[in-house]
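All residue numbers in the sequence shown are consecutive under our numbering, ending with 1504.
Built from N, CA and C at the ideal position, the CB exists for glycine as well.
Source: prediction; values computed, not measured.
Here's the structure we're looking at; comments come further down.
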Amino acid sequence: MISQWQLRAAFAARLSQMYGQEVPAYTTLVDVSREVNEDVLREQGADAERLGSISRVTAERHGAIRVGTPLELQQVARIFGALGMHPVGFYDLREAAASAVPVISTAFRPVDGEELARNPFRVFTSMLTPADPRFFDADLRSRLEAFLARRELFPPELLTLADRAAAERELPEDDAERLLQLAVQAFELSPEPVDKAWYETLERISAVAADIGGVRSTHINHLTPRVLDIDDLYRRMTDRGIEMIDTIQGPPAWKGPDVLLRQTSFRALAEPRAMRAPDGTVTSGALRVRFGEVEARGIALTREGRALYDELLAQIDEQASAKPGEARSDIARALWERHMPGTEQELAADELAYFTYQLADDRPRDGSKPPAGISELVRQGWAHAEPIVYEDFLPRSAAGIFQSNLSGEGTRNNDQEGTAYDAAWLSGAIERDVLDPYALYAQQQNASLAQVSEQLGLTPS
Ligand code: OOG
Ligand code: NI
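What follows is the structure, encoded as structure tokens:
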């Protein structure tokens, strides 16, 4: 029998193999990431593994896919459910970008600590919003919805196998093999000719709309390895002549603890695609839809920590536009050094980030009574704090990644009221709860606190 985590790990590995064949620059990115990770491990030893074992980090990937309708998204949820991946977080990218990005998103990922340690594969999944009048008028909306309703992204056999794997939490080897084949196939780039006129109609609104609704299939549009030193990786890729986008998104490089998520990418590459003209003739064209991205993960922030992060981002924006001559990264670092706690201890004490706590092996045995309060327990050597790694995404960085890979700005009519979507709407559409990432991290932290209290015979405060 093949368990869900084995299915997930095998799916991630096969997707990676497929994507490496389709997009050779991805293989370079994976190779350079591995080199960087080996060097960091050599230099830092055990410290390099505080946010995940080296075997986890080496295998770690996230992918991104985009679908067109609530039904397609619900089918995606069934497929990922088979692999032990659940929808976490709601992201509205319609507002987060300067260009037109008419999508809302969630991320499918494992949620419990053991499953994450086995294989943390996650997929950022976006759904087009044809009903949003800021992007689509009534006529285009109805043509788009009709087009989407006629296509089938996932064969029924795949969905049936997926439901079985989810219900039984495992599959016999033959069925597992079939599930994996069909699932990987569903995310390959289709050789089917693209209807040129239709694609271009959507492209005028948004390149993302064309990528999603202009074709009859979906595809994985990037697969992202995790690296332990993203600044070093950026330099090495640039040295190899690969043109990266001009920034690393997310927190700046600085001497304090890494928090949340830093990401960078190389631009989408032109790939040959067959194009069908209105008279039926097929010619060869090219589309830029797939790109490479890499990320470094830091400590998960609490709501308060996240509010501080968002506030600092706003201040960085403000200062950067007031002082166009100054490098954004310098402005960012200066602000962080002023406002962001410079140690894990402070992040924990100020309740800005999440940690798990373990009883120290070498805790005081001099008959003294353990103090109340976790900060004191840590300070006096009774317990250790281990940072919880951020497993999710950042809407602003996500929008930046979308945007840096769009061919044009597209159009968004801001006079119109946007259609309202939220996590509850999404939960209804996909018929399962979209989980709150903060609640998941808090649960992990609280469980460890409860255990420490119990081991020390303290009553939980
Ligand atoms: C998804 C972009 C978001 C990330 O890492 O933030 C993303 C997409 O391009 O479909 O993958
Ligand atoms: Ni990504």
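Point to revise | Cβ neighbour criterion (16 or more within 10 Å) applied to Val1432 | key: On the sequence shown, residue 1432 is found 389 positions in, with the first residue counted as 1. Under this definition Val1432 is a buried residue.
Exercise for review: Taking only the alpha-carbon atoms, compute the straight-line gap between Thr1101 and Gly1453 and give it to the nearest angstrom.
Suggested key: What you label residue 1101 is simply residue 58 of the sequence shown in a count that begins at 1. What you label residue 1453 is simply residue 410 of the sequence shown in a count that begins at 1. Distance between the alpha carbons of Thr1101 and Gly1453: 37 Å.
Review point. Over what stretch of residues does the alpha helix (DSSP H) that includes His1382 continue unbroken?
Key: The residue given as residue 1382 occupies position 339 in the sequence shown. For His1382, the uninterrupted alpha helix (DSSP H) run begins and ends at Arg1371 to His1382, by DSSP.
Check your understanding: What is the residue span of the beta strand (DSSP E) that Met1318 lies within?
Key -> Translated into positions along the sequence shown, residue 1318 becomes position 275. Unbroken beta strand (DSSP E) run through Met1318: Leu1304 to Arg1319.
Review point. Any heavy atom of ligand 2 closer than 7 Å to the Cβ of His1265?
Key: Here residue 1265 corresponds to residue number 222 of the sequence shown, with the count starting at 1. The answer is yes for His1265.
Practice item. With hydrogens ignored, establish whether the beta-carbon of Glu1434 is closer than 7 Å to any heavy atom of ligand 2. Key: Within the sequence shown, numbered from 1, the residue matching residue 1434 stands at position 391. No, since every heavy atom of ligand 2 falls outside the 7 Å radius drawn around the Cβ of Glu1434.
Review point. With Ala1442 and Leu1136 assumed to form a contact (beta carbons below 8 Å), what rounded beta-carbon distance in angstroms separates them?
Key: By 1-based counting over the sequence shown, the position of residue 1442 is 399. By 1-based counting over the sequence shown, the position of residue 1136 is 93. Between Leu1136 and Ala1442 the Cβ distance is about 5 Å, and since that is below 8 Å, they are a contact.
Point to revise | Euclidean distance between Cα positions of Ile1374 and Thr1244 | key: The residue given as residue 1374 occupies position 331 in the sequence shown. The residue given as residue 1244 occupies position 201 in the sequence shown. Rounded to the nearest angstrom, the two C-alpha atoms are 41 Å apart.
Point to revise | Status (buried if at least 16 other CB within 10 Å, exposed otherwise) for Val1325 | key: Within the sequence shown, numbered from 1, the residue matching residue 1325 stands at position 282. Val1325 counts as exposed, since fewer than 16 other beta carbons sit within 10 angstroms of its beta carbon.
Check your understanding: Cβ-heavy atom distance between Ile1444 and ligand 2 below 7 Å?
Key -> Sequence index remark: in the sequence shown, residue 1444 carries index 401 (1-based). Ile1444: yes, Cβ under 7 Å from ligand 2.
Check your understanding: With C-beta atoms as the reference, is Pro1173 less than 8 Å away from Thr1149?
Key -> Counting from 1 along the sequence shown, the entry for residue 1173 is found at position 130. Counting from 1 along the sequence shown, the entry for residue 1149 is found at position 106. Going by C-beta atoms, Pro1173 is not nearer than 8 Å to Thr1149.
**Study point:** Which listed residue (Asp1218, Thr1112 and Phe1179) has its alpha carbon closest to that of Thr1168
**Key:** The sequence position of residue 1168 within the sequence shown is 125, counting from 1. Of Asp1218, Thr1112 and Phe1179, the residue nearest in Cα terms is Thr1112.
Practice item. Count the other C-beta atoms from every protein chain shown that fall within 10 angstroms of the C-beta of Asn1505, then say buried if there are 16 or more, exposed otherwise. Key: Residue coverage of the chain in this structure runs from 1044 to 1504, which leaves residue 1505 outside it and unanswerable.
Practice item. Throw me the rounded Cβ distance for the Ala1426 and Leu1402 pair, which I believe falls under 8 Å. Key: As a first step, residue 1426 must be located in the sequence shown, where it is residue number 383. As a first step, residue 1402 must be located in the sequence shown, where it is residue number 359. About 6 Å; that satisfies the 8 Å criterion.
Exercise for review: Determine the direct distance from the alpha carbon of Arg1099 to that of Arg1057, and round the result to whole angstroms.
Suggested key: Translated into the one-based positions of the sequence shown, residue 1057 becomes position 14. Translated into the one-based positions of the sequence shown, residue 1099 becomes position 56. Computed Cα separation, rounded: 16 Å.
Point to revise | Neighbour-count burial assignment, Glu1440, 16 or more Cβ in a 10 Å radius | key: Working through the sequence shown from its first residue, we reach residue 1440 at position 397. Checking the sequence, you will find Ser at residue 1440 rather than Glu. A residue is called buried once 16 or more other Cβ atoms fall within 10 Å of its Cβ, and Ser1440 is buried on that count.
Review point. Which word fits Thr1281, buried or exposed, when buried means at least 16 other C-beta atoms lie within 10 angstroms of its C-beta?
Key: For the purposes of this step, residue 1281 is taken as residue 238 along the sequence shown, with counting starting at 1. Classification of Thr1281: exposed, given that the 10 Å Cβ count is below 16.
Practice item. Have a look at Ser1372 and Gln1060 and give me their C-alpha separation to the nearest angstrom. Key: For the purposes of this step, residue 1372 is taken as residue 329 along the sequence shown, with counting starting at 1. For the purposes of this step, residue 1060 is taken as residue 17 along the sequence shown, with counting starting at 1. Computed Cα separation, rounded: 35 Å.
Point to revise | With 16 other Cβ atoms within 10 Å as the buried cut-off, status of Arg1409 | key: Position 366 of the sequence shown, counting from 1, holds the residue named residue 1409. At residue 1409 the sequence reads Asp, which differs from the Arg that was named. In summary, Asp1409 is exposed, with fewer than 16 beta-carbon neighbours lying within 10 Å of its beta-carbon over all protein chains present.
Practice item. Would you mind reading off the limits of the beta strand (DSSP E) that contains Gln1401? Key: For the purposes of this step, residue 1401 is taken as residue 358 along the sequence shown, with counting starting at 1. For Gln1401, the uninterrupted beta strand (DSSP E) segment begins and ends at Phe1398 to Leu1402.
**Study point:** Close-in-space but distant-in-sequence residues of the same chain around Leu1159 (CB under 6 Å, 5 per side omitted)
**Key:** Locating residue 1159 in the sequence shown gives position 116, counting from the first residue. Hits under 6 Å: Pro1153.
Check your understanding: Which same chain residues, not among the five before or five after Arg1186, have their C-beta less than 6 Å away from its C-beta?
Key -> Residue numbering aside, residue 1186 sits at position 143 when the sequence shown is read from its first letter. There are no such residues.
Review point. If you compare alpha carbons, which of Asp1353, Thr1261, Ala1370 and Leu1344 is closest to Asp1393?
Key: Locating residue 1393 in the sequence shown gives position 350, where the first residue counts as 1. The option with the nearest alpha carbon to Asp1393 is Leu1344.
Point to revise | Neighbourhood of Ile1285 by C-beta, 6 Å cutoff - its chain only, sequence neighbours within 5 removed | key: Within the sequence shown, numbered from 1, the residue matching residue 1285 stands at position 242. Phe1309, listed in sequence order.
Review point. Under 8 Å between the Cβ atoms of Leu1356 and His1382?
Key: Residue numbering aside, residue 1356 sits at position 313 when the sequence shown is read from its first letter. Residue numbering aside, residue 1382 sits at position 339 when the sequence shown is read from its first letter. Cβ atoms of Leu1356 and His1382: not closer than 8 Å.
Review point. With distances taken between CB atoms, is the gap from Tyr1134 to Ile1263 smaller than 8 Å?
Key: Locating residue 1134 in the sequence shown gives position 91, counting from the first residue. Locating residue 1263 in the sequence shown gives position 220, counting from the first residue. Not closer than 8 Å, so no.
Exercise for review: Determine the direct distance from the alpha carbon of Gln1064 to that of Glu1195, and round the result to whole angstroms.
Suggested key: Taking the sequence shown and counting its residues from 1, the one referred to as residue 1195 is at position 152. Taking the sequence shown and counting its residues from 1, the one referred to as residue 1064 is at position 21. Here the C-alpha atom of Glu1195 lies approximately 25 Å from the C-alpha atom of Gln1064.
Point to revise | Where Phe1133 falls: helix, strand or coil (DSSP) | key: What you label residue 1133 is simply residue 90 of the sequence shown in a count that begins at 1. In the structure shown, the three-state DSSP call for Phe1133 is strand.
Review point. Taking the C-alpha atoms as reference points, what is the distance between Ala1143 and Asp1479?
Key: Translated into the one-based positions of the sequence shown, residue 1143 becomes position 100. Translated into the one-based positions of the sequence shown, residue 1479 becomes position 436. Cα to Cα, the separation comes out at about 26 Å.
Review point. What are the start and end residues of the alpha helix (DSSP H) that includes Gly1482?
Key: In the sequence shown, counting from the first residue as 1, residue 1482 sits at position 439. Correcting the residue identity first, residue 1482 is Ala in this sequence and not Gly. Ala1482 -> alpha helix (DSSP H) spans Pro1480 to Leu1499.
Exercise for review: Buried or exposed for Ser1491, please, with buried defined as at least 16 other CB atoms from any protein chain shown within 10 angstroms of its CB.
Suggested key: Start at 1 with the first residue of the sequence shown, and residue 1491 comes out as number 448. It is buried - the Cβ of Ser1491 has at least 16 other Cβ atoms within 10 Å.
Practice item. Report whether the distance from the Cβ of Phe1167 to the nearest heavy atom of ligand 2 is below 7 Å. Key: Position 124 of the sequence shown, counted from the first residue, corresponds to residue 1167. Yes, ligand 2 has a heavy atom inside 7 Å of this Cβ.
Practice item. Spatial neighbours of Val1066 within its chain, please: CB distance less than 6 Å, with the 5 preceding and 5 following residues excluded, ordered by chain position. Key: As a first step, residue 1066 must be located in the sequence shown, where it is residue number 23. So the qualifying residues of the chain are Arg1333.
Check your understanding: So, are the CB atoms of Val1237 and Val1337 less than 8 Å apart?
Key -> As a position in the sequence shown, residue 1237 is number 194, starting the count at 1. As a position in the sequence shown, residue 1337 is number 294, starting the count at 1. Going by C-beta atoms, Val1237 is not nearer than 8 Å to Val1337.
Review point. With a CB to CB cut of under 6 Å and the five nearest residues on each side skipped, what residues in its chain are close to Arg1376?
Key: Here residue 1376 refers to the residue found at position 333 of the sequence shown. These residues qualify, in order along the chain: Pro1295 and Trp1297.
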